[in-house]
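Protein chains in written order, with our numbering: chain A, 69 to 374; chain B, 171 to 473.
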């Protein structure tokens, strides 16, 4: 895996061409190449990389001359903050809307909701992001369209959600990132609600004369939540991958923007470190989702025991 | 082939399976509209060089004095730019038609290759079973647990830019969906009587897989193929927007949108807006077709 990434990234181009200004003399050129160890044979470079990687050192960025791992981990909080904001938005907007349109499938408002959901499903998110910038930032001028805004130090990391300026900067990117998931969750909740409504236990609850609120939140919601949680967990990984796009549009200083910038200047150590990190992150996310899933759905546990 | 055509032509077309499916498809007017929209876009892409008012990549026809004109403005030489121009005085309508050609061909070609490759592997896995099946499905599961965009991103970092490279990346990303679907449907078919009959006749494995098993699995695969084309076009546009998909010499719709991004903040919306509209219309129409095909071809939903 690490060999594949390393060789592949090595094959795309010589970073010395990008790093060194064309006016540099030959002597300066050689000096720079040697200082980065780029003159050594490939297997020496890979061997060195492997040894260092095992010590937690994934190389130094050519561009920023800082350890690649440090560079990336500095940007992880920004990406995670954005991803969580999108996730919360999805849950607290998507689930109620889905429930509503599940209960009243023929109302005009639920048709509008489903129309929005179909739209969010098909429209490429990056274009939607651009149009949001255009409408809310350029034409209306309501919300800022780039950067993170004012950040405050919270438990040792810089966060935006505690300042009003930071929140204002977060609205557009978070909504953009949430758009696809929102459509998905609305559909899922709606389908689940419609299925559960027809079930015997909901009919029985109605016959018992329970309050509608209790039926909705206990009987219906609890049973539709299982598939929603699974999908949300899996979607969280997608969110981090897709944050690349959103971060590029809104100039959000997260790890997604870093990787795109690094690709364009062939900053090899950062690319390799990012890819390794994202793979590890994915394995962890998938593991957590599996655990949550079996905790929530008793049927999964039963099957495993057999 | 000829023989089967003759025998079946004695049955009126509308009673044959294909005719029935088409008739049922046409019951939904929005699906028919979607089909014609796709048809118009495909034709527009094929004949882009004939119908576009300008060859957008022939520098001799471009006039820098016409740069970033809003839609419907007159050019320096008197003709009208329906959708405006970009910074080099390129007519956006022509650029969109040429971009459509690249976007559609990347989407369609990558889907066809992924279709052939994935379906064959899925069918062989279902028919043969055993270790090959286990191994293949492991690979498929592993791949599907990562988001398509991420895999394509990694592949393109490794492969570099270019039409061939992005097509390859999309094939690698999408074959697993076909393999899983083909295996899924073939699992239901492989124990049916006609397969047993074919086996009893001692027909070759390949012949059974591709002449007997495959036609019966096709409907569900075609549904997936339709939505996959939409997805491939969307993924390609996203990657090109990020600047790691296609090189600037092959401007797909995604690249046009990306190019207009710089001008968005000064309110010059048309450079990004119209290519995006074209992209959205194609994708929505393809998805609508896919939805309708699923309703028509899925036997479980039959009333």
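By construction, the Cβ of each residue, glycine as well, lies at the ideal position given by its N, Cα and C atoms.
| Check | Outcome |
| --- | --- |
| Own chain residues within Cβ distance below 7 Å of residue 239/A, not counting five before or after | 211 |
| Chain B within 8 Å of residue 311/A, Cβ atoms only | no |
| For residue 179/A and residue 285/B, the rounded distance between their alpha carbons | 35 Å |
| Through-space distance from residue 307/A to residue 317/B, alpha-carbon basis | 9 Å |
| Within the stretch 155-209 of chain A, ranges of the alpha helix (DSSP H) (whole runs, at least 4 residues) | 163-171, 176-190 and 193-200 |
| Residue 434/B Cβ short of 7 Å to the ligand GDP heavy atom set | Absence of the ligand GDP is noted for the structure shown, with no ligands found whatsoever. |
| Cβ contact (3+ pairs, closer than 8 Å) linking the stretch 259-267 of chain A and the stretch 280-297 of chain A | yes |
| Contacts of residue 435/B in chain A (Cβ-Cβ under 7 Å) | 206 |
| Any chain A beta carbon closer than 8 Å to residue 558/B | Limits of chain B in this structure are 171 at one end and 473 at the other, which puts residue 558/B out of reach. |
| Pick from 360/A, 354/A and 362/A that is closest to residue 312/B, judged by C-alpha positions | 354/A |
| C-alpha gap between residue 296/A and residue 271/B, whole angstroms | 39 Å |
| Span separating the alpha-carbon of residue 344/B from that of residue 279/A | 48 Å |
| Interface residues of chain A facing residue 417/B [CB-CB closer than 9 Å] | The premise fails here: residue 417/B is roughly 13 Å from chain A at the closest Cβ pair, so nothing lies under 9 Å. |
| CB of residue 281/B within 8 Å of CB of residue 395/B, strictly | yes |
| Exposed unless 16 or more other CB atoms sit within 10 angstroms - verdict on residue 244/A | buried |
| Closest Cα partner of residue 423/B within the set 435/B, 219/B, 273/B and 366/B | 273/B |
| Complete alpha helix (DSSP H) runs within the stretch 234-296 of chain A (minimum length 4 residues, chain order) | 268-275 |
| Residue-level contact to chain A via CB, residue 266/B, 8 Å cutoff | no |
| Chain A residues whose Cβ lies nearer than 8 Å to that of residue 287/B | Chain A residues near residue 287/B: none, gap ~21 Å exceeds 8 Å. |
| Min CB distance residue 439/B to chain A below 8 Å | yes |
| Proximal residues of chain A, C-beta to C-beta of residue 408/B below 8 Å | 192, 193, 194 and 313 |
| Proximal residues to residue 293/B (C-beta, below 8 Å), its chain only, five neighbours per side dropped | 352, 353, 356, 379, 380, 383, 384 and 387 |
| Environment of residue 207/A [buried if 16+ CB atoms lie within 10 Å] | exposed |
| Inter-residue Cα distance where the pair is residue 393/B and residue 445/B | 26 Å |
| Reduced DSSP category for residue 419/B - H, G, I as helix; E, B as strand; rest coil | coil |
| Chain-ordered neighbours of residue 429/B on chain A, where CB pairs are closer than 8 Å | Those do not exist, as residue 429/B stays about 12 Å from chain A at its closest Cβ, beyond 8 Å. |
| 4-residue-minimum alpha helix (DSSP H) runs that sit fully inside the stretch 310-347 of chain A, ordered along the chain | 323-332 |
| Opposing strand residues paired with residue 311/B [DSSP bridges] | Beta-bridge pairing links residue 311/B to no other residue. |
| Contiguous alpha helix (DSSP H) assignments of at least 4 residues, all confined to the stretch 349-417 of chain B | 363-370 and 384-412 |
| Residue interval of the alpha helix (DSSP H) (run including residue 197/B) | Premise fails: residue 197/B is in no alpha helix (DSSP H) and is neither H nor E. |
| Contacts of residue 426/B in chain A (Cβ-Cβ under 7 Å) | Chain A residues near residue 426/B: none, gap ~11 Å exceeds 7 Å. |
| Contacts around residue 326/A, its chain only, beta-carbon distance under 6 Å, and the 5 residues preceding and following it disregarded | 143 |
| Straight-line Cα distance separating residue 267/B from residue 305/B | 43 Å |
| Closest Cα partner of residue 443/B within the set 205/A, 199/A, 255/A and 352/A | 199/A |
| At least three beta-carbon pairs within less than 8 Å, the stretch 302-322 of chain A to the stretch 266-284 of chain A | no |
| Cβ-based neighbour list, residue 371/B, same chain, cut-off 8 Å, excluding 5 preceding and 5 following | none |
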